[in-house]
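Asks:
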Ligand code: DX5
């Protein structure tokens with residue numbers, strides 16, 4: 001499915017990791033009307049101390065949600081998984097700068113005609129990752145240590161979001177600035193004010209008492225604009 005381009009809105013992206021997997025189809029149908037795309041948090045138990053799911057779940061999520069899928073590969077060797085997640089229906093695949101072969105994985109994603117994202121962990125200096133900006137369709141600033149949902153938003157990441165926004169603006173290229181980790185009604189406005197335009201939300205979204213209000217609050221995080 002064709003992946004959307006940044007157009008000034010704030011994109012809300014449910015992280016499937018936090019869905020109720022005993023009724024995944026119903027969960028995806030529930031979030032679909034309020035979401036711009038969905039994210040698969042792929043974990044291999046080596047790059048991060050957790051294991052999540054493979055391309056077969058990605059294919060099921062693409063079918064059940066009817067939304068574009070962004071696969072966030074938190075894996076040691078992303079090159080090994082690009083083809084499988086491309087085949088499972090991901091329209092955008094994000095690899096970590098810290099993983100082995102990240103640049104060749106990005107080149108492979110682009111060669112497959114998909115959108116490419118680059119993610120950075122909280123402690124990784126931005127200079128190196130930002131040199132790859134000309135290749136990217138999305139830049140993901142992690143606002144938690146990758147590996148688990150339900151963590152607390154690291155506010156110290158906000159200057160990094162600002163720096164990446166400045167670099168994207170200077171490049172003049174249509175690159176999503178995504179943040180992922182601890183996004184809720186309180187932290188979303190902080191992230192958007194710093195320059196994020198794609199908000200990944202897992203635990204706060206799937207546990208929201210009123211999903212419509214929650215997602216509307218995230219989309220409206222820009223306030224007056
Ligand atoms: C961490 C994951 C989480 C998840 C979002 O590796 O990437 O950040 O998607 O989970 P919440 O919204 O619960 O922090």
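Numbering (this note's numbering), first residue to last: 1 to 225.
By construction, the Cβ of each residue, glycine as well, lies at the ideal position given by its N, Cα and C atoms.
(1) Could you compute how far the alpha carbon of residue 27 sits from the alpha carbon of residue 72?
(2) Look up residue 33 in the DSSP assignment and say whether it is helix, strand or coil.
(3) Please return the same chain residues whose Cβ sits closer than 8 Å to the Cβ of residue 192, not counting the five positions on each side in sequence.
(4) So what's residue 117 in DSSP terms, helix, strand or just coil?
(5) When DSSP builds the beta bridges, which residues end up paired with residue 70?
(6) How about residue 140 and residue 180: do their beta carbons lie closer than 8 Å?
(7) Just the C-alpha distance for residue 156 and residue 190, rounded to the nearest angstrom, thanks.
(8) Alpha carbon to alpha carbon, how far is residue 29 from residue 212?
(9) Please determine whether the Cβ atom of residue 178 lies at a distance below 7 Å from any heavy atom of the ligand DX5.
(10) Buried or exposed, going by whether 16 or more other CB atoms sit within 10 Å of the CB of residue 21?
(11) On the DSSP bridge assignment, give the partners of residue 13 in chain order.
(12) Three or more C-beta pairs closer than 8 Å, one from the region 103-112 and one from the region 40-58: is that the case here?
(13) Can you check whether the CB of residue 182 is closer than 8 Å to the CB of residue 143?
(14) Spatial neighbours of residue 217 within its chain, please: C-beta separation below 6 Å, excluding the five flanking residues on both sides.
(15) Quick one: is residue 95 buried, meaning 16 or more other Cβ sit within 10 Å of its Cβ, or exposed?
(16) Could you pull the start and end residues of the beta strand (DSSP E) that residue 139 belongs to?
(17) Looking at the unbroken beta strand (DSSP E) that takes in residue 180, where does it start and where does it end?
(18) With distances taken from CA atoms, which of 45, 167, 138, 17 is nearest residue 4?
(19) Between 196, 171, 129, which lies nearest to residue 162 when the distance is taken from Cα to Cα?
(20) Out of curiosity, what's the CA-to-CA distance linking residue 58 and residue 79?
(21) What number of angstroms, rounded off, separates the C-alpha of residue 227 from the C-alpha of residue 130?
(22) So, are the CB atoms of residue 170 and residue 12 less than 8 Å apart?
(23) Comparing the CB of residue 17 with every heavy atom of the ligand DX5, is any distance shorter than 7 Å?
Replies: Quick look at the numbers:
(1) Those two C-alpha atoms are separated by around 20 Å.
(2) In the structure shown, residue 33 falls within a helical segment according to DSSP collapsed to helix, strand and coil.
(3) Same-chain partners within the cutoff: 10, 199, 221, 222.
(4) The answer is strand: DSSP assigns residue 117 an E or B state.
(5) According to DSSP, residue 70 bridges with 39, 92.
(6) For the 8 Å CB-CB criterion, residue 140 and residue 180 form a contact.
(7) Separation of residue 156 and residue 190 (C-alpha to C-alpha, rounded to the nearest whole angstrom) is 11 Å.
(8) If you draw a straight line from the Cα of residue 29 to the Cα of residue 212, it is about 13 Å long.
(9) Every heavy atom of the ligand DX5 is 7 Å or more from the Cβ of residue 178, so no.
(10) So residue 21 counts as exposed.
(11) Residue 13 is bridged by DSSP to 200.
(12) The answer is no - the region 40-58 does not touch the region 103-112, with fewer than three Cβ pairs under 8 Å.
(13) Taking the C-beta atoms as reference points, residue 182 is found nearer than 8 Å to residue 143.
(14) Counting only Cβ-Cβ distances below 6 Å, and skipping sequence neighbours, we find 185.
(15) Residue 95 comes out buried.
(16) First-last of the beta strand (DSSP E) with residue 139: 138-142.
(17) Note, residue 180: beta strand (DSSP E), 176-180.
(18) Comparing C-alpha distances from residue 4 to each of 45, 167, 138, 17 shows the shortest one belongs to 138.
(19) Comparing Cα positions, the closest option is 196.
(20) In this structure, the straight-line span from the alpha carbon of residue 58 to that of residue 79 is close to 17 Å.
(21) The displayed coordinates of the chain run from 1 to 225. Any statement about residue 227 would go beyond what the structure contains.
(22) Contact flag unset, no.
(23) Checking the Cβ of residue 17 against the ligand DX5 gives yes.
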